[in-house]
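J.: Those letters in the sequence shown? Residues 1 to 298, per my numbering, in order.
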Amino acid sequence: MTQLIRLLIPVGMLGSIILMCQGQPTPKSTLPRPNECGDGLSDRLIGGIRPLIGEYPWAALIQYRKPDGKLEFSCGGSLINSRYVLTAAHCISGIPKNWKIIGVRLGEHDLSSAGPDCENELCADPHIDMAIDKLIVHEDHNNQPRSQWDDIALIRFDRDVTFSEFIRPICLPIDDEARPSNTTGLRVTEVGWSRTVESRLSNTKMRSDLEILNRSECETAYQQQGITLRDTQLCVSRPNPREVCHGIAGSALMHPVGQSLYLIGLTSFGPTGCTNKNIPDVYTNVASYIDWIESKME
Numbered sequence: 001m002t003q004l005i006r007l008l009i010p011v012g013m014l015g016s017i018i019l020m021c022q023g024q025p026t027p028k029s030t031l032p033r034p035n036e037c038g039d040g041l042s043d044r045l046i047g048g049i050r051p052l053i054g055e056y057p058w059a060a061l062i063q064y065r066k067p068d069g070k071l072e073f074s075c076g077g078s079l080i081n082s083r084y085v086l087t088a089a090h091c092i093s094g095i096p097k098n099w100k101i102i103g104v105r106l107g108e109h110d111l112s113s114a115g116p117d118c119e120n121e122l123c124a125d126p127h128i129d130m131a132i133d134k135l136i137v138h139e140d141h142n143n144q145p146r147s148q149w150d151d152i153a154l155i156r157f158d159r160d161v162t163f164s165e166f167i168r169p170i171c172l173p174i175d176d177e178a179r180p181s182n183t184t185g186l187r188v189t190e191v192g193w194s195r196t197v198e199s200r201l202s203n204t205k206m207r208s209d210l211e212i213l214n215r216s217e218c219e220t221a222y223q224q225q226g227i228t229l230r231d232t233q234l235c236v237s238r239p240n241p242r243e244v245c246h247g248i249a250g251s252a253l254m255h256p257v258g259q260s261l262y263l264i265g266l267t268s269f270g271p272t273g274c275t276n277k278n279i280p281d282v283y284t285n286v287a288s289y290i291d292w293i294e295s296k297m298e
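#1: Consult DSSP for D176 and reduce its assignment to one of helix, strand or coil.
#2: So I167 and L106 are in contact, right, with Cβ under 8 Å, and what is the actual spacing, rounded?
#3: What are the partner residues of P256, as DSSP defines its beta bridges?
#4: Can you give me the Cβ contacts of L213 inside the same chain, cut-off strictly under 6 Å, excluding the 5 residues immediately before and after it?
#5: If N203 sits next to D129, beta carbons under 8 Å apart, how far is it from one beta carbon to the other, in whole angstroms?
#6: Determine the DSSP secondary structure at I279, reduced to helix, strand or coil.
#7: Out of R146, E119, L266 and A221, which has the shortest C-alpha to C-alpha gap to G192?
#8: DSSP has I128 in a bridge; who is on the other side?
#9: Excluding the five sequence neighbours on either side, which residues of its own chain have a C-beta within less than 6 Å of the C-beta of I102, listed in chain order?
#10: Have a look at C218 and T184 and give me their C-alpha separation to the nearest angstrom.
#11: Could you tell me which of G69, P32 and H138 sits nearest to R83, measuring between CA atoms?
#12: When the Cα of C37 is compared with those of I49, L61, L79 and P67, which residue comes out closest?
#13: Do the region 223–230 and the region 244–254 make contact, defined as three or more Cβ pairs closer than 8 Å?
#14: What are the start and end residues of the alpha helix (DSSP H) that includes Q223?
#15: Which class does W292 belong to by DSSP, given the choice of helix, strand or coil?
#16: Using a Cβ-Cβ cut-off of 7 Å (strictly less than) and excluding sequence neighbours within five positions of T26, which residues of its own chain qualify?
#17: Once the 5 residues before and after S288 are set aside, which same chain residues still bring their CB inside 8 Å of it?
#18: Considering only residues of the same chain and omitting the five flanking positions on each side of I293, which have a CB-CB separation below 6 Å?
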């Protein structure tokens, strides 16, 4: 039965790359306020699986070097301020043996384009590849490797990134008004690069309009797999899995509050393949980790 469950990157030896934050961080928030983040709304609030250039400018790609020297993007993330990207913990601690994380790409739109990404006479600035200063994985991740509890991590750049029209942070649900009291039935949007039905990485960012399920429905679907879920996880139904199969690990699950988009989930795991509509996808509930995130930021 375990073939129904897939992590969203190939899994090798756990713990192959883990760098923990040392010492006591400065007790202050460096997260942007609503007027400084989440500006990725367009007129297309429903439909349109391929975002326009400049939409969702916090979408990031994590680049790995494999043992044969080839480079590969296998995980996503979201820019949350000028120095940090938030992603899934297993994108760092669960990578195959001898893979190495070498950087984070920001401002990308179309991986197949060798030159500037252009659309209807609008051309994006060149993408930026950021070097990494520190990888910070949640301390309790992998206590339950099948259930992927605490599947959250921070990547710190070696320098600040300069914001632009094509590189900007998403908001985090710091305040109560940005945290829905009941998420069941909430309409949400997933954005990031995705796997196609042929398991290839999409060339461009993709978006899917989804709905958060009652957790009891999700628990029932996963119990037979020996997987226990917690309230720090969200379950999401994907009504048209053939349209967009699933986002790569660490991709953003978003919800609008006012005029800003908020990061409420990180893609964690789900069913193998693209045709199983009866097994929901599981996301890390970002609101459960705001204190942890702020405590690790310098």
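Ideal Cβ positions, reconstructed from N, Cα and C, are used throughout, including at glycine.
T.: Considering the structure as presented:
#1: helix
#2: 5 Å
#3: Paired residues: L261.
#4: C235, S237 and P280
#5: So it is not a contact: roughly 18 Å between Cβ atoms.
#6: coil
#7: L266
#8: Assignment of beta-bridge partners to I128 by DSSP yields L106.
#9: Q63 and R65
#10: 11 Å
#11: P32
#12: L79
#13: no
#14: R215 to Q223
#15: helix
#16: For T26, the pLDDT reaches just 38, beneath the cut-off of 50, and the residue's location in the model is therefore unreliable, although a value from the coordinates is still provided. Same-chain partners within the cutoff: E298.
#17: D231 and T232
#18: none
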